[in-house]
Amino acid sequence: MAKLNSGSENVETCMFCLIADDQDKKTEVIKKNKELVCFRDIAPAAPHHYLVVPKQHIHDCSSLHSGHVDLVERMVKMGKAVLHDQGVADMKDIRCVLGFHPPPYTSVDHLHLHVLAPASQIFQKKKYKFIPCSHRFVTVSIEDEKLLFNTMI
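Okay, here's the thing in structure tokens:
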């Protein structure tokens, strides 16, 4: 079972830990490696809406620190790879949105990167949740091999 960063508490009820540990048979994992898992959001806000989660339980994006930069970069790279694998081939022409909801806007207390595309087709009733550079959504991008956040974490 996955453990909290401190290693002192079991996270037996965390849905994303269960998915990452292959204990949830209802969720189809699209891509995984030894560190990360990607699957479809159960309430998609766009035609392509995926979540990338670390197997290690990290509470949320407010728990991130400078030691997590490489992890977040790998999460972004996996998200973009999944979009490519799912047919979103040219991300220069089709804008995608990648980011985290900070507390109190998180629905699951396990770090998860939202990957949505195309941005122009985010469903109207859910657009407010994914406004780039807003207090509800910390957007992430990699430019010139450097990770950029829209806010300081």
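The sequence shown lines up with residues -7 to 145 when you count with the working numbering.
Built from N, CA and C at the ideal position, the CB exists for glycine as well.
Keep in mind it's a predicted model, so treat the numbers as computed, not measured.
Evaluate residue i with the Cβ neighbour count: other Cβ atoms within 10 Å of its Cβ, from every protein chain shown; 16 or more gives buried, anything less gives exposed.
{"i": "H127", "result": "exposed"}
{"i": "Y120", "result": "exposed"}
{"i": "A109", "result": "buried"}
{"i": "H104", "result": "buried"}
{"i": "A12", "result": "buried"}
I need the boundaries of the beta strand (DSSP E) containing residue i, first residue and last residue.
{"i": "R32", "result": "L28 to R32"}
{"i": "V100", "result": "Note, V100: premise wrong, no beta strand (DSSP E); not H, not E."}
What residues in its chain sit with their C-beta under 8 Å from that of residue i, if we drop five residues either side in the sequence?
{"i": "I123", "result": "F129"}
{"i": "V100", "result": "C6, M7 and F8"}
Using a Cβ-Cβ cutoff of less than 6 Å, which residues in the same chain neighbour residue i once the five nearest sequence positions on both sides are dropped?
{"i": "H41", "result": "D33 and L108"}
{"i": "T98", "result": "D52"}
Taking 7 Å as the limit between beta carbons, can you name the residues of its chain near residue i, skipping five residues before and five after?
{"i": "A37", "result": "L108, I114, F115, K118, K121 and F122"}
Would residue i pass as a contact of residue j if the rule is Cβ separation under 9 Å?
{"i": "V45", "j": "S133", "result": "no"}
{"i": "K18", "j": "K47", "result": "no"}
Since residue i is in the alpha helix (DSSP H), which residue starts that stretch and which ends it?
{"i": "V61", "result": "V61 to D77"}
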